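Step one of this worksheet: look at the structure below.
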Amino acid sequence: MSRRRIDIVGAGLCGSLLGIMLARRGYAVTIRELRADPRRAKVAAGRSINLALSARGIRGLKHAGIYHRVAPLLMPMRGRLIHGLDGSRELLPYGQRDYEYINSVSRAELNRLLIETAEREHGVEFLFGHAATAYDCAAAVVTMASPEGSYTLEARGLISADGAGSVIRRAYDTGGCIGPGEELLPHSYKELTIPPRRGGGFEMENDALHIWPRGDFMLIALPNPPGDFTLTLFMPNEGETSFASLDSRDKVGEFFQAYFPDVIPLIPDVVDMYQRNPVGLLGTIRCRHWHDGSRFLLIGDAAHAVVPFHGQGMNLAFEDCVVLDNILERGETDWARIFERVEREQRANANAIADMALENYVEMRDTVRDPKFALRKALSFELERRLPDRFIPRYSMVMFHDEIPYAVAQSRGRIQAELLEQLTRDADRLQDVDLDAAAMLAREKLPPL
Ligand SMILES: Cc1cc2nc3c(=O)[nH]c(=O)nc-3n(C[C@H](O)[C@H](O)[C@H](O)COP(=O)(O)OP(=O)(O)OC[C@H]3O[C@@H](n4cnc5c(N)ncnc54)[C@H](O)[C@@H]3O)c2cc1C
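Residues in the sequence shown are numbered from 1038 upward in steps of one, following the numbering used here.
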């Protein structure tokens, strides 16, 4: 009996993982990808990106039976290591249990591994250099460009995993049945690299996510297994201290001297690297619908790109794959119903993490410097110890509890934030808080999970 065919556009993280899941379900999968085969191409300088993989993403990889292959690529990060302007350093743990950490992983390495596994072990067909160039909404036809010329692809149960710039999503206007909205952040990012120490090893702690919070902008660093760190500078596009204002070598040098003096000895050519590497845009995408009947489903960033400050874009995309695969497992075969269910289960969650990711930007670049932040974190860990089935810090719900939907983390997080604000208003240290009264109040406000 011939296998049921399915087409995916985009061999990024989401498209390749979904390819593996669908092939395991018996589908003949063809994935068309704009870029050249990343296993043979080199990653462009300043576009390496490493990502924080957490519970939801790990669940997706385990669901596909490939986590054991990904695990060797991971670098655990147990907390935020905050670098103050005065040279101070403070580690703020992400969680309070041994297994509560997140993992740094190179996007390029992970993508290569997913493609390799999909192709070799599951017989998925990849067509590299095949780009969707247009989508005709009325005829439900995608125009593709390839080295052999252009051709068309009918959208019948098509999966659009072509990322934040999705050609298929952009073919719809804001009033159409997809109703896409793209909101650019007035801040962008630029990557830098701290090379390994001479003779090998890391220049800084390799089990933390380093942050240099500076109010309106910040630098972060994630470790990579070979000993280097990928740094990302997030900063406003315009204004007094911005990508636009750093328009000469001298200004870039003065900027690093003023705000990140401890980084300069670690990157000997920091000014050249800054000048060389491109600036990347950041934004949020929300759609009214993720599918047009049975024609196609938008998935991953194509449906819901989020800003990276909660480290959840890929994790959410992998969760989408699990949701879709679980619907297929229940025996549903009608694409319109399958797509509708994915949207129903995930859209509110995607909107919730989009909001929380925007909020986290302020927390990472600014609020972490407030002594009350550390106090509220300590109090939330204490409440979690006393009421583990009711009070779980919002960060932990998002990062470590894949069984709690993002929308639930968001709504409970709001109640918890008010509670923490109220309980620490007149306190400077945890000893100043009446912990029994605090636990009683938390019990009143929060139903069991
Ligand atoms: C700076 C930064 C840091 C981030 N940090 C994190 C993090 O810590 N944790 C986390 O979970 N997420 C993070 N993310 C988000 C994460 O990278 C994305 O959510 C994830 O890559 C989404 O996967 P995707 O497959 O949906 O999209 P993509 O990875 O963008 O893949 C889309 C694929 O489609 C291809 N494509 C595009 N257009 C076409 C076309 N017209 N025709 C054919 N193919 C096409 C692309 O070449 C690409 O291969 C970060 C993002 C950025 C920018």
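Ideal Cβ positions, reconstructed from N, Cα and C, are used throughout, including at glycine. Just so it is clear, the structure is predicted and the values come from calculations on it, not from any experiment.
Residue nearest to residue 1485 in terms of C-alpha spacing, selected from 1423, 1462 and 1389: 1423
For residue 1325, the three-state DSSP class (helix, strand or coil): Residue state, collapsed to three classes: coil.
Cβ separation of residue 1218 and residue 1095, assumed to be a contact under 8 Å, to the nearest whole Å: Contact between residue 1218 and residue 1095 does not hold, since the beta-carbon distance rounds to 30 Å and is not under 8 Å.
Straight-line Cα distance separating residue 1310 from residue 1240: 18 Å
Residue 1141 (DSSP reduced to helix, strand or coil): strand
Unbroken stretches of the beta strand (DSSP E), 3 residues or longer, contained in the region 1070 to 1143: 1087 to 1090, 1112 to 1114, 1116 to 1120, 1126 to 1130 and 1139 to 1143
Candidates 1272, 1112, 1377 and 1252, of which the one nearest residue 1122 by Cα: Closest option to residue 1122, Cα to Cα, is 1252.
Nearest to residue 1170 (by Cα), restricted to the options 1202, 1159 and 1150: Considering only alpha carbons, the answer is 1202.
beta-carbon residue 1066 near ligand 1 non-hydrogen atom, thresh 7 Å: no
Local conformation of residue 1211 per DSSP, three classes: coil
Cβ neighbours of residue 1106 in the same chain (closer than 7 Å, five flanking residues each side left out): 1150 and 1154
Residue 1104 beta carbon near ligand 1 (any heavy atom closer than 7 Å): The answer is no for residue 1104.
Stretch pair the region 1386 to 1396 + the region 1428 to 1443: three plus CB contacts closer than 8 Å: yes
Contacts around residue 1348, its chain only, beta-carbon distance under 6 Å, and the 5 residues preceding and following it disregarded: 1089
Identity of the residues DSSP links to residue 1436 by a beta bridge: Its beta-bridge partners do not exist; DSSP assigns none.
Outcome for residue 1267 when other beta-carbon atoms lying within 10 angstroms are tallied against a minimum of 16: buried
Opposing strand residues paired with residue 1173 [DSSP bridges]: 1178
Inter-stretch contact at 8 Å, needing at least 3 Cβ pairs: the region 1333 to 1352 / the region 1189 to 1207: yes
Beta-carbon proximity list for residue 1054, same chain, < 7 Å, skipping 5 on both sides: 1097, 1101, 1151, 1355 and 1358
Cβ separation of residue 1263 and residue 1233, assumed to be a contact under 8 Å, to the nearest whole Å: 6 Å
Opening and closing residue of the beta strand (DSSP E) in which residue 1269 lies: If you look at residue 1269, you'll find it in the beta strand (DSSP E) that goes 1266 to 1273.
For residue 1042, three-class secondary structure by DSSP: strand
Cα-Cα separation between residue 1365 and residue 1237, rounded to whole angstroms: Their Cα atoms are separated by approximately 48 Å.
Ligand 3 heavy atom lying under 7 Å from the CB of residue 1383: In terms of ligand content, the structure shown lacks ligand 3 and carries ligand 1 instead.
Near ligand 1: residue 1074 beta-carbon under 7 Å from a heavy atom: no
Cα-Cα separation, residue 1360 to residue 1394: 21 Å
Simplified DSSP state of residue 1461, which is helix, strand or coil: helix
Boundaries (first-last residue) of the alpha helix (DSSP H) holding residue 1219: From DSSP, residue 1219 is part of no alpha helix (DSSP H) but of the beta strand (DSSP E) over 1217 to 1221.
Neighbourhood of residue 1301 by C-beta distance below 8 Å, restricted to the same chain and skipping five residues each side: Contacts found: 1293, 1294 and 1307.
Reduced DSSP secondary structure (H/G/I, E/B, other) of residue 1301: helix
Nearest to residue 1435 (by Cα), restricted to the options 1391, 1457, 1405 and 1475: 1391
For residue 1229, the nearest candidate out of 1255, 1245, 1470 and 1381 (CA to CA): 1255
Environment of residue 1113 [buried if 16+ CB atoms lie within 10 Å]: exposed
As assigned by DSSP and simplified to three states, the class of residue 1064: coil
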